Every structure is written in C-alpha cells, then in structure tokens.
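Down below is the structure, laid out as structure tokens.
Residue numbers (my numbering): 131 to 947.
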C-alpha cells in the first residue's frame, strides 16, 4: 500500500468521523431544541408594529405617530429589481436552498470550533426571518442552531414569496425605518416603485450594518457598499452592463426625510393622538390604526395661510422689534469662522418660514447676511427694509427707516423669510409675538373642517382653539340678545344708550361701563344696538331680562351655566371661553336653531381594514317635525352631502335638537347679517355674500380680538391676542385683527357654495316702523323702515317718543344703581 493510498484512507476516515460527529451534534441539538421551537403558524398571523396614521376626510396624510416607521407592503408590490438587489446582497441562493445555505453553515461551524463563537452570520434570508421574528440578537451556539431549525420549518410552512414579504417588511434599515417602503420614504421621500436602480441597491446594502452604511451619516461607505451590490447584481445576471454603468455614476441622493405629510395640521393631529391614546393606550402607536378625520385638506391649508397672513399683517404694522440676539464677529471672517457661525445658526433653527441669519455687513441701503449652510446673500432695500417702521409700544411706531443701519447692525442675529413674489428672494422679517386661532365647523353636523391652534406648532404646541380660555367680549352679546328676543323684546325695542353707574356701598367700588368709542347715542333700537355693539344697551337689556334667566337660557348653546358670572358683566363677555365653545354656540345661529356638537374623528380603521369606530353625530334635519327631534330615522345619503360621510344609499342618523324656535332664530340671524352690511363687520362685504352674518368682539385693553360668523353652512370663529394678555393696541379691534383672518379663510371656503338663507316663518311679519321710536310708522313717513316681528308682538300704534322705560331722562341722563 502506497503512502498516498494510506493518507487518502486516513483522510476519508477522518472526514467520515467528522461528518458523524457533526451529525451527532446536530441530532443532539435538534433533540434538545426542537421541543422549545415556537409555532411557525404564528408567522402567518404576524402583526407588525405599524404607526398610527391620521388622514383628512379626503385621504391626505395629516400626521403619523410611532417609534417605528413602517409601511407594510405585499410582495406583489415590490419591484423585481429590488428583490434582486436584496438577493445579491444577502442570499443569492434563496430560491434553491431549503432554509439553510450549507457553505455558509460550514463557515459558521468552522468559526465555532476554532474560536468558540460565531463571528459571521452565514445566515440565509429565511434564517434572518427566524431571527427577526422569534429570536434575540445574541451570538451563541444554542441560538444559532435554533435559527437553523426554525428556518427549515419556515421553508416547509411558507412559500418563498411569503418569506420574502416577511423579511422585507421586518428588517431594520436605520433612521427608525423598518421595512423597505419606510426606508424609501425616509431616505428618498418617495415610494419604492419610484426608486431607481442605484437607490434600490443603496437600501439593499443597509441590513448588514444600518449605521455603518447609512447614506446620510456615512455617504462614502454607503457608496462602496452600493457599488459592491451593483457588481454582484451584474455578475449574477440580474442587470445588464449598461444598467450597471449608469447606476455606478449615480450620485448619493439620500437625505433624512421626515414623515412626508400632505397637509400641515399639527394641532388636529395632536388632538387625534390624545384621543387614540385614551382609547387604546400605547397600542395606538403600534397596532396600525388609521384615523380618518373630518378635516378637509384644502380648507386646512387655507386656514393655515389666512391665520399666518393675519398674524404677520398685525405684526408688521406694529413695527420691527430688532435683533433676537447679538454676536461679536471679526472684521474679516475666516472659513473656520464662517463654518462656526453657520453651525450656531443651525442650532438656533428655522421656525416655520422664519430662518435665522447673521448680519455680516450693513450698508446704507442693503444688508449682507449669513444663513445656515454657509449661504451668504444680500438683502436689498426693497427686500423688507424700505418703509419699515420700528416698534416703540403697542400704540406707537417710529417713522419709516431711511437707512438700513437704523434697523440692524453687524453681529445682529435676525430672522429672514423667502418672499412670495417672483423672482423669489430673502427679506427681513421677525417672529410674531401675537398669536391667533381659527376653527371652522360644518354648521349642520359639527364636523370640524379646519382647525389652527396657533400660527406655528413648532413655536408653541399650545392649542388655543381648545385650551385657551379668553374673554369673548362683544362676541358673546348675540346670545344675550337672543334670550331677550325670546322673552318679550323685539328688534325694534328702544333701549337707551346712555351712561350708567353701578355704586356698591358694600364693596366700596364703582363700575362705570362705557362704549368702545366713549360716545353715547341715546335711545336706539335693539337691532341697531347689536350691530353697532353698544355696551350700555347690552347691560340694560340684561338687567331687564334678568341675570339668572339669561344664564339659564344661554346654556342651550352649549355653555356651562355654572361657569358664567352672575352679574351684569355677563353682557360684555367678561367670562372666559375657548374658540371651540364660541363657534359651537354660533353654529346654532348658522343652522337655524339646532344644537350640534363638534367632532373631529370620522372613523377609526384597524390594520385589517375593519372600521372599529364611526362617528354618530346628531345632524340638522329641517324636514323633520320638531317633536321627532333626536329620533333615529332613515334618510337618503345624497341629501346629506358634506354633512355626514358614508356609503351611498340609506343611512341611519340621529337628528339634532332644536333649541331656538324658528321665529327667534330668523330674527337674530337677520340682525347678525346687519353686523356685516352696516355694523362692525362691514369689512366682510368684500365677500359679496348676502348670507354672511357674524359678530366682532373686543375686550378691555384691548387684549382679545374676535370675529365669529357664518355663511353657506360653514361657521367659523377667529381669535387673536397675546398669550400673556398684553394689550393689542388702542386702535386694534376684532374688526381689524380677527375679521381679516375670517374673511381670507371664508373667501376660499365658500367658493362653489350657494348662499343659504333661513326661511322666513309664516308667524314672522315685516312691518313699516319709525326708526327713532320703534313704533308703527306714520302714513307717508319719509324715513320709515321695515322691521321683522313675530306676529303677536308687532306694533299697532304710532308714537312720537321712544316707547321704552329706558328712554332718556331730561333731568338726569346718567342712571345710578
């Protein structure tokens, strides 16, 4: 026997012995581990952690909450080239093995024998599925064998397509992205179907080391990994040489994209988040719920712009307040200085449209600035500098600046924004200190159509629509006047607009209420008093009506009677309410007398597409008999239009309760229309809407400015003021601050909506009266006007003097109590 033969036999024997040993090891491991293996059937019902997503009524993404960004997709939605990229990177024998790659397994076993631990994975995609769904990340003998046995079982239970789908939806790809669809959105801001070959290869390179090969944090290493995968795809025949060459030339285009929202509605999203957290706890962030809100995407965008424009308009007319801070800068900036200041600006950060900028140089009619990213540019005189006045106080501004040095100096850190005009350019600006809020409802259902709780959520997350309780001022008067109209007063009742003093001996103080302009008009009709917003008339109306009766009455609008003041200041809106409470009350005027409740969640859908909650609002039904209000009835879906969402055909609906009789609803609506046509809301005439109605509101200081009103079935409330209750300025009113925001919003919201007028009840008649006395007009009287009355309260006689106990007293025009 030759030595060669002898060595060959020894080698064969050792090999056989090694194989037997390996088989014994695997058999022992199998006997030990198999009883502990989890059920593979669980994979078929796997529930991936998926974030909460919030959408508008028309399907636009408003918000997303959850630690893991994931968008599960089916294997049919994954481009074949994307699958090829992953196979080239992770497991090119995927379609031929049965869960375990023998060569990789032998390599792992060799490492285990020589070093006592496993240094490289040698894992197939199936083994990674086993690890990701069932096991920890530790590298031990037991875990590796468990992974192998699970992979074999997975291959027996599931198809290759199912395994790939589980893998591609589960893998961690850096930047909180789990699964390939989330990664495509995180790194490229678009779905996987829109990625090119180079971008697919880039994502396919991430599972091996998501941090090391992150194309945002480590673009050079990511490029090396991407190019290696492209080379593998070429060698495996997945792509042509032309495709390979083109992809290799592609630049690194990845960026850190946040969640790509379709509409900016952070205050609405936060309201939904809190609601979902209350309903489902922490599972709300992980169980893949989809929330469809009542918000209309186009109206939300209009509301955002209207409020921001209104805030900026107020801020501009009150003057430039100067730099946010000042830094000492050298005469000549070195590249290192420029980089350092740029980094500091980055740390200050952009807020909304306002970018921080460092003033480098000031000339007579221009400013040179540095922005984050080391961008240097020049603000020319016409770029927000010309005609700029400086803030002195809320009541005073300086003359318009004549040189740039009157506004800024080198080293100032200022704010600039990009202009809306073309060509676009940077212009001087500042962060507004004033705040504002807007909320808009469908008057017939209470569905919130748009909501803005402040001009910038990043600046302040405080939701002024739902959380800010502010004095409504004259915005509250319509509710008191409605109570009066329902208790013996008419629109023509004469009340004296004259000074009045309340002297309290017990408290040792005196209250002297006055009108906004300090003037008194004497006897005047109730209608005129409301559309001109006369405070003294409102107080006399409330005094005659009775405070307790008024408080009980206004409770029907949704206000809490226990929180209202039991004194005559109630007539002036001295108590605090939120804009949401105010707009809910005004909805009663807008819909003809029905109480609705605001809501913002239309339905909640689980990950399987099942509707687990659907809103069931009480809606206005004008065709229903009053005695049947609140009953559940069947009506046709197409009669509801935008009032309620649902499938076509018959819907079961609950109907809102009537809280104002139709005569009173018609009368107060006609007076609120006069606020727009001839009163404090005349600016709204630009809408050219005959059905526009509402009321301004301004509180002492003034500190709060309001306008609440309605048209075309939409009711909207706007508020503006300082969070610190600072004065707005003596020349500022609800009509100058809040009303322009309301107009800008309603101008767009009402497009395509026909005018909607309340039907005049048969029991309401129009009578020709004397405007000075409120009595029946004399035949042929030149200044006579028509007024609405309930038939049983219409005047029947002529009087030459005001027919009211509150007429002027010739001896003592000031009433003292």
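Here a beta-carbon is modelled for each residue, glycine too, at the ideal position from N, C-alpha and C.
Fair warning: this is a prediction, and the values are worked out from it, not measured in the lab.
Beta-carbon spacing of residue i, residue j below 8 Å
| i | j | result |
| --- | --- | --- |
| residue 838 | residue 851 | no |
| residue 494 | residue 534 | yes |
| residue 568 | residue 707 | no |
| residue 811 | residue 859 | no |
| residue 710 | residue 691 | no |
| residue 389 | residue 194 | yes |
| residue 725 | residue 673 | no |
| residue 667 | residue 627 | yes |
| residue 671 | residue 625 | yes |
| residue 898 | residue 921 | no |
| residue 646 | residue 828 | yes |
| residue 655 | residue 695 | no |
| residue 186 | residue 573 | no |
| residue 593 | residue 400 | yes |
| residue 450 | residue 520 | yes |
| residue 870 | residue 443 | yes |
| residue 254 | residue 224 | yes |
| residue 489 | residue 540 | yes |
Of the residues the options, the one placed nearest residue i, counting alpha carbons only
| i | options | result |
| --- | --- | --- |
| residue 429 | 814, 607, 642, 570 | 570 |
| residue 484 | 418, 543, 848 | 543 |
| residue 328 | 900, 373, 449, 685 | 373 |
| residue 576 | 660, 719, 347 | 719 |
| residue 697 | 683, 686, 669, 853 | 669 |
| residue 867 | 686, 681, 808, 814 | 814 |
| residue 675 | 610, 302, 400 | 610 |
| residue 651 | 352, 629, 723, 341 | 629 |
| residue 893 | 453, 397, 795 | 795 |
| residue 861 | 648, 895, 525 | 525 |
| residue 741 | 594, 799, 422 | 422 |
| residue 227 | 751, 289, 836 | 289 |
| residue 959 | 382, 907, 198, 896 | Any question about residue 959 goes unanswered here, given that the chain covers just 131 to 947. |
| residue 816 | 916, 925, 872, 396 | 872 |
| residue 314 | 208, 396, 366 | 208 |
Pairwise C-alpha distance: residue j and residue i
| i | j | result |
| --- | --- | --- |
| residue 356 | residue 332 | 5 Å |
| residue 248 | residue 261 | Unreliable positioning characterises residue 248 in this predicted model, as indicated by a pLDDT of 46, which lies under 50. The coordinate reading is nonetheless provided below. Taking the straight line from one Cα to the other gives about 15 Å. |
| residue 474 | residue 502 | 8 Å |
| residue 930 | residue 689 | 41 Å |
| residue 481 | residue 677 | 47 Å |
| residue 414 | residue 404 | 10 Å |
| residue 778 | residue 744 | Its pLDDT being 39, under 50, residue 778 is placed unreliably by the model, and nothing is read from it. |
| residue 435 | residue 308 | 35 Å |
| residue 215 | residue 363 | 7 Å |
| residue 271 | residue 335 | For residue 271, the pLDDT reaches just 49, beneath the cut-off of 50, and the residue's location in the model is therefore unreliable, although a value from the coordinates is still provided. If I take the Cα positions, the gap works out to 27 Å. |
| residue 456 | residue 564 | 23 Å |
| residue 461 | residue 500 | 14 Å |
| residue 789 | residue 878 | 30 Å |
| residue 807 | residue 394 | 34 Å |
| residue 497 | residue 589 | 26 Å |
| residue 843 | residue 643 | 36 Å |
| residue 801 | residue 441 | 29 Å |
| residue 549 | residue 510 | 13 Å |
| residue 826 | residue 874 | 16 Å |
| residue 221 | residue 406 | 41 Å |
| residue 613 | residue 417 | 49 Å |
| residue 857 | residue 833 | 5 Å |
| residue 853 | residue 566 | 9 Å |
| residue 257 | residue 294 | 11 Å |
| residue 358 | residue 351 | 11 Å |
| residue 928 | residue 704 | 38 Å |
| residue 591 | residue 730 | 18 Å |
| residue 319 | residue 739 | 25 Å |
| residue 903 | residue 924 | 13 Å |
| residue 908 | residue 900 | 8 Å |
| residue 179 | residue 665 | 58 Å |
Supposed close pair residue i, residue j - CB separation, criterion 8 Å
| i | j | result |
| --- | --- | --- |
| residue 183 | residue 191 | 7 Å |
| residue 298 | residue 310 | 5 Å |
| residue 316 | residue 305 | 5 Å |
| residue 847 | residue 713 | 4 Å |
| residue 385 | residue 425 | That pair is no contact at about 29 Å. |
- Segment contact flag, the stretch 600 to 615 with the stretch 660 to 668, C-beta cutoff 8 Å, min 3 pairs: A contact exists between the stretch 600 to 615 and the stretch 660 to 668.
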